[in-house]
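Notes follow once the structure below has been shown.
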Ligand code: SRM
Ligand SMILES: Cc1cc2nc3c(=O)[nH]c(=O)nc-3n(C[C@H](O)[C@H](O)[C@H](O)COP(=O)(O)OP(=O)(O)OC[C@H]3O[C@@H](n4cnc5c(N)ncnc54)[C@H](O)[C@@H]3O)c2cc1C
Ligand code: SF4
Ligand code: FES
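Residue numbers (my numbering), protein chains in the order written: chain A, 5 to 846; chain B, 8 to 118.
Now the structure itself:
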């Protein structure tokens, strides 16, 4: 039922025909429903029948609104969520008035009046105005001037999201209150947490997500949300927003005030119906439409999306609008005048990383004969509740474990038969249920609810040549919304390819341009004696073709394998590695000199101060890696800056060994049991600058208080009582947070160095390009690493140690290139271009 | 840009070996900022030097025979046409060649 069957072909010159016999179709609202309806109309030959004009209040093309949650949390960039960029409208001959509001409809004269003073006649009109955030009545929401108080936000548009992010990033802003503990409120809260703000959610219901689940699930959810550092206050209302001209706090009905610098209101939505009301159209909770999506009693006006009320229902999700758009397009174009929209079953999923919540249908049993299956394990954050009626699933709530979500969503949507053993609904029991499910699914069954992709769409993509899961996902956008359908997408692709699914071939390549995995690539390089990146392309790439995206990974691999036998071609390096500094947003560079173990001296500090003064360094900053960063150095000044510093590079720019963070250790600290500072300096001296598939950051702490944060480092060392040292590997505290796994506990600093080097060498030889240890260690398993590295189960320990030693021996401080640039113009500016060779006009 | 109708002016940018094989260097030509690349096969290409995305230095990009990748956010541009393969706005492309004396010659009018 739900597909853009074939994407419409662009029709250049479509606009030139606008004075021809085609009817005029005008669409108000350029959001997800409006644009989708037009796509469906074009797919049914609509461009032949209509000249199309769209009005959109937002000054953009159409974007995937549901991804705004990911934009706020930083998982997506706002540039990547566009579904129909402005060029799409042009290519399809659509006149888009972006940033223009339709103000009034004259349904007798058939005209639309818009905010730019334009009067646009129509033969057929589609209203797709969506909804807006509901701001419940409370004191202090508005300034005396009548505008919403600075610091108060709704969460609906890309502009809202950008403003929230900007406000949250503001230095002095520490705390946010989110009003509303439903899906949107929790996603906003999690997004704001990612800016480091403290966040409280105030929810008037008795438990979180009370519209989707019962109190037992809500209690489990609350714990999972609190683990994210989000405060939860249920059963209370915000009565006032405090602060004269900006937000300083909120008052609650029966609890103490909360201080805050921002308030996000996510307390429900209201359909945008003013236009329809003014125009005399039937509006109850929303614009009333029939089963053809036609506005009640109107011949030429349709409505679609969140602004409509159909059979008493108003939806707030995207899945229904995909279905509505299909029916609407069938009628508007006459492609299928028997099409009818009968309502949608909706399922929701919370898009908060680390908190899995899916819910659909009933929250609990309603009839005596309903079966109710419940599993609850609050300590792990797992809760599952399924309601079955007449052997059909009529409701489910799933928290903390999404493995069965794809199957259950289908079972619910399509009324699939259920396994007799009900336990199989909740847990994988090895029953064949799922595979059978895929084959039996209707062609029209919707696989990805977020992007409205059906089984048929996926199958078409596979037959059209996208026989890999990633390829089919790219072609259809399936799986790119909330992600809960990925398993099902995979199953459908496998089914459609009839077992001939191409393992997404590129997924196993070490670099995209050479069709070999790491082990095979290394073996070929050895066998053929290849020593440079261009030689590798020549010998191993299809057609011998160079590939820019593969160069940096190959350069790193060859350097690791060959140490000083490597033939270094400068063009294979990323700019950072060509000039040994990190490129900044304005094309200047940052300079971070080595400061082993975070220990410095009067002389170093004085030299750094002198350099900063001499070169007018815009920002001097202590880094998270315990050294000093000089930022904003023009490329052409780099050699002289290094010369004046007289310190080696700190490698803050490379995919390489970076730093060893240390704590003061036993010489000064009253708790220290090991000389962590010294060991850290020794480790950094030994392994400085070695290349690796991704950066390596280490730490050594002098006691289990762990002040150097060793548990979240690629390799972290902790001194423990009795002169012993623990070595942790695979920790992280960046984009991912992971506590390292204990590799070994050893008796001496020397042993720490041996095992650290051996682990790093094993990682260098076996990790994928850009795979940090936090992914590598769990992938190969700590038991395996212990066996290979500590117990030498494979008998390769000596080999690893020797290879690491060769790399250590080939270390040269890259900043020594200052005296003698390696390529012409190595340090010539690329931007800004003031001191370039100026070529006179002849 | 040159006035329409008039033949575009040629500019000699100096010896081609100012640009190392496989890399790019920036020049100012007639007030325009141009990145000139020397491919590993010895041929040359020229594009506007400022990335349309957020002003990144295109001459510092990584190249192969077809494309240059901006160092800031990895948008890719075809070296011959300047069109982006990653959805960015295009870069102005220039005609550039190497003359008998191994000098780079650029036509400032663009392609
Ligand atoms: C300077 C510094 C921030 C600061 O002012 O403190 C910094 C600056 C940058 N970090 Fe960082 N990171 C800095 C410490 C960290 C830390 C903390 C630490 O090292 O203890 C982390 C978390 C731990 C980790 O490594 O994961 C960190 C996690 C990241 C990440 C996320 C990596 C991940 O896989 O999770 C990136 C992005 C990436 O590498 O792709 C990144 C990338 C960057 C880049 C290189 C952005 C880029 O891709 O160009 C920033 C370069 C600015 C510049 O030119 O100097 N930086 N970065 C810190 C340098 C430490 C040093 O002395 O070398
Ligand atoms: C942060 C967030 C996360 C979400 N997550 C999910 C999710 O995970 N799953 C899910 O199913 N749904 C989710 N939703 C809901 C989903 O985005 C909506 O259901 C969907 O966007 C509705 O589409 P629509 O076209 O009806 O309205 P919209 O997408 O809002 O489009 C309406 C457009 O019309 C414009 N407009 C309004 N009035 C006028 C006028 N008079 N003149 C001109 N233009 C006008 C508006 O500016 C807007 O651009 C989420 C929503 C948000 C805000
Ligand atoms: S320094 Fe690190 S955290 Fe800060 S903006 Fe740059 S990449 Fe992001
Ligand atoms: S500035 Fe070039 S990709 Fe962003």
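Cβ coordinates follow ideal geometry from the N, Cα and C atoms, glycine included.
Residue i CB to nearest heavy atom of ligand 2 below 7 Å
i	result
residue 160 of chain A	yes
residue 124 of chain A	no
residue 60 of chain A	yes
residue 135 of chain A	yes
residue 310 of chain A	yes
residue 283 of chain A	no
residue 106 of chain A	yes
residue 580 of chain A	no
residue 2 of chain A	Residue coverage of chain A in this structure runs from 5 to 846, which leaves residue 2 of chain A outside it and unanswerable.
residue 700 of chain A	no
Proximal residues to residue i (C-beta, below 7 Å), its chain only, five neighbours per side dropped
i	result
residue 587 of chain A	579, 580, 593
residue 142 of chain A	242, 243, 244, 245
residue 662 of chain A	629, 655, 656, 699, 700, 701
residue 636 of chain A	588, 592, 621, 622, 623
residue 715 of chain A	732, 735, 743, 744
residue 385 of chain A	224, 227, 228, 403, 404
Closer than 7 Å: residue i CB and nearest ligand 4 heavy atom
i	result
residue 81 of chain B	yes
residue 235 of chain A	no
residue 58 of chain B	yes
residue 63 of chain B	yes
residue 90 of chain B	no
residue 77 of chain B	yes
Residue from the options with nearest C-alpha to residue i
i	options	result
residue 235 of chain A	A:206, A:242, A:258	A:206
residue 607 of chain A	A:629, A:539, A:649, A:58	A:649
residue 46 of chain B	B:93, B:24, B:98	B:24
residue 41 of chain A	A:316, A:752, A:328, A:124	A:328
residue 553 of chain A	A:474, A:577, A:566	A:577
residue 652 of chain A	A:677, A:611, A:504, A:679	A:611
residue 64 of chain A	A:92, A:156, A:706, A:46	A:92
residue 29 of chain A	A:35, A:37, A:51	A:51
residue 162 of chain A	A:425, A:524, A:83	A:83
residue 761 of chain A	A:694, A:394, A:634, A:814	A:694
residue 490 of chain A	A:452, A:785, A:602, A:222	A:452
residue 638 of chain A	A:599, A:677, A:585	A:585
Cβ shell of residue i (< 6 Å), same chain only, five flanking positions each side left out
i	result
residue 438 of chain A	Interpretation of residue 438 of chain A is limited by its pLDDT of 45, a score under 50 that renders its predicted location unreliable; no figure is taken from the coordinates.
residue 717 of chain A	701, 702, 703, 735
residue 388 of chain A	379, 402, 430
residue 17 of chain B	112, 114
residue 778 of chain A	734, 736, 740, 742
residue 239 of chain A	210
residue 633 of chain A	594, 596, 625, 627
DSSP beta-bridge partners of residue i
i	result
residue 362 of chain A	A:353, A:402
residue 69 of chain B	B:76
residue 729 of chain A	A:723, A:750
residue 780 of chain A	DSSP lists no partner for residue 780 of chain A.
residue 793 of chain A	DSSP output for residue 793 of chain A lists no bridge partner at all.
residue 245 of chain A	A:254
residue 452 of chain A	A:457
Residues near residue i in its chain [Cβ-Cβ closer than 8 Å; skip 5 each side]
i	result
residue 728 of chain A	749, 750, 751
residue 277 of chain A	133, 287, 290, 291, 311
residue 220 of chain A	378, 380, 387, 389
Of all the residues that make up the region 47-69 of chain B, which are near chain A by a beta-carbon distance shorter than 8 Å?
47, 56, 57, 61, 62, 63, 64, 65, 66, 67, 68, 69
Can you give me, in chain order, the residues of the region 736-768 of chain A that have a beta carbon less than 7 Å from any beta carbon in chain B?
none
Counting only Cβ-Cβ distances shorter than 9 Å, please list the residues of the region 704-729 of chain A near chain B, keeping chain order.
none
Residues, ordered as in the chain, of the region 77-101 of chain B that lie near chain A by beta-carbon distance below 8 Å
78, 79, 83, 94
Between the region 114-147 of chain A and chain B, which residues of the former have CB atoms less than 8 Å from a CB of the latter, in chain order?
none
Members of the region 14-36 of chain B near chain A, C-beta cut-off 8 Å
16, 17, 18, 19, 20, 21, 24, 25, 26, 27, 28, 29, 30, 31, 32, 33, 34, 35, 36
Please identify, using Cβ separations under 9 Å, the residues of the region 573-586 of chain A that lie next to chain B, in order along the chain.
Cβ contacts with chain B: 573, 574, 575, 576, 577, 578, 579, 580, 582, 583.
Could you name the residues of the region 661-676 of chain A whose beta carbon sits closer than 8 Å to any beta carbon of chain B, in the order they occur along the chain?
none
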